[in-house]
Every structure is written in C-alpha cells, then in structure tokens.
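In the numbering used here, the protein residues as written are 29 to 123.
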C-alpha cells in the first residue's frame, strides 16, 4: 500500500503481502528493470475493469528504512509487480 492512497502525503510504501515480514520503504525508487511484459491490473482506488499496464519480471529497488538506512533489494514475480504498482502511486500515477 502506498501512503498517499490513504491520505498521507509521503513517498512511502508498505510491501507487507507476506506477513509477518513487513518491509516499509521510504522514497522507493526502481533503479533497474528487466523482462518487460504486459498484464492487467485492478486497483481499489479505481472503479471498473482491470486496466492494461507494462510491468517487469525483475526490479531492483533503492529505498530508505524507517531508521533512514539506504537499502537495495531485488524483487521478482508477483512481489515485483505489486511494488511497481505501489511505486507508481507514490509518483502520482494511477494505472
């Protein structure tokens, strides 16, 4: 979930799809992408049918932790797709 989607005007996303491991990313930036593909995604902030969008199978993300430590992490598959979706929200983009 991107913070700005719940009214918090900050570039923060929470990649917590696999609790109990929570990853909060401050100022997330996708710095590398590989394996482009097209898919359809829905969004709780948009009504109607899913929309087509371009995603990447593998991404490398740079972000800061809550302790302001810079991290680099590579994500693949479904997790990479979700992070791309939420990072776009941080950048003011809706699918």
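Glycine residues also receive a C-beta, built at the ideal position from the N, C-alpha and C atoms.
By alpha-carbon positions, which one of the options ends up nearest to residue i?
{"i": "residue 84", "options": "70, 91, 110 and 90", "result": "110"}
{"i": "residue 40", "options": "78, 89 and 105", "result": "89"}
{"i": "residue 93", "options": "101, 53, 61 and 104", "result": "53"}
{"i": "residue 86", "options": "37, 50 and 63", "result": "63"}
{"i": "residue 117", "options": "96, 98 and 57", "result": "57"}
{"i": "residue 81", "options": "103, 121 and 38", "result": "121"}
{"i": "residue 107", "options": "73, 49 and 38", "result": "49"}
Quick check on the burial criterion: 16 or more other C-beta atoms within 10 angstroms. Buried or exposed for residue i?
{"i": "residue 66", "result": "exposed"}
{"i": "residue 112", "result": "buried"}
{"i": "residue 43", "result": "buried"}
{"i": "residue 68", "result": "exposed"}
{"i": "residue 51", "result": "buried"}
{"i": "residue 16", "result": "Residue coverage of the chain in this structure runs from 29 to 123, which leaves residue 16 outside it and unanswerable."}
{"i": "residue 115", "result": "buried"}
From the DSSP secondary-structure annotation, give me the bridge partner or partners of residue i.
{"i": "residue 101", "result": "89"}
{"i": "residue 40", "result": "54"}
Please confirm if residue i has its CB atom under 8 Å from at least one CB of chain B.
{"i": "residue 110", "result": "This model lacks chain B altogether, as it is built from one protein chain only."}
Report the start-end ranges of each beta strand (DSSP E) in the region 43-93 that is 3 residues or longer and not cut off at the edges. 51-69 and 79-92
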